[in-house]
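Participant: Below is the structure I would like to discuss, written out as structure tokens.
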Amino acid sequence: RSKGGGGGEGEERGQAEERKALEREVEILRREGKEQQAKISALKKHFALNQKERAALRTILEVKVKGLLDVILVAAKDAAPEASGLQDRLAALNKIVTASVYAMRADDQNGDPNTNNAHAPHR
819 RSKGGGGGEG EERGQAEERK ALEREVEILR REGKEQQAKI SALKKHFALN QKERAALRTI
879 LEVKVKGLLD VILVAAKDAA PEASGLQDRL AALNKIVTAS VYAMRADDQN GDPNTNNAHA
939 PHR
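According to the numbering used here, the sequence shown holds residues 819 to 941 in order.
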């Protein structure tokens, strides 16, 4: 009979150790979960900041750079009609800026289903 009683204590001790090990594992997982949540929060803030900067850059390209290129192209045609090389380069640069703006718009709209499509290029 003493053998049976001793086995029960060992089994209880084993279960208690197993329980402690599981509790330590749960605590580690909780801590890791909190760390992951902090990283996710930081990434969301970084993403939001990048979206704002990208929108600002797109606006600068669309309004300021493209506007200046349009004015310069007209001025170049008026000032030096024989300088077709300069006009061609300015027109090519204007196409690059326009294509960049459209690509940024399309990428923004594809990345966010809530984006307003009012500014989508008409093709």
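Backbone N, C-alpha and C define an ideal beta-carbon position, used for all residues, glycine too.
How many Å lie between E835 and G826 at the Cα?
Facilitator: Near 14 Å, if we compare the C-alpha coordinates of G826 and E835.
Participant: Compute the distance between the beta-carbons of T916 and K884, then report whether it is under 8 Å.
Facilitator: yes
Participant: CB-CB under 6 Å to N912, same chain, minus the five flanking residues each way: which ones, in chain order?
Facilitator: Same-chain partners within the cutoff: L887.
Participant: Just the C-alpha distance for R907 and V881, rounded to the nearest angstrom, thanks.
Facilitator: 20 Å
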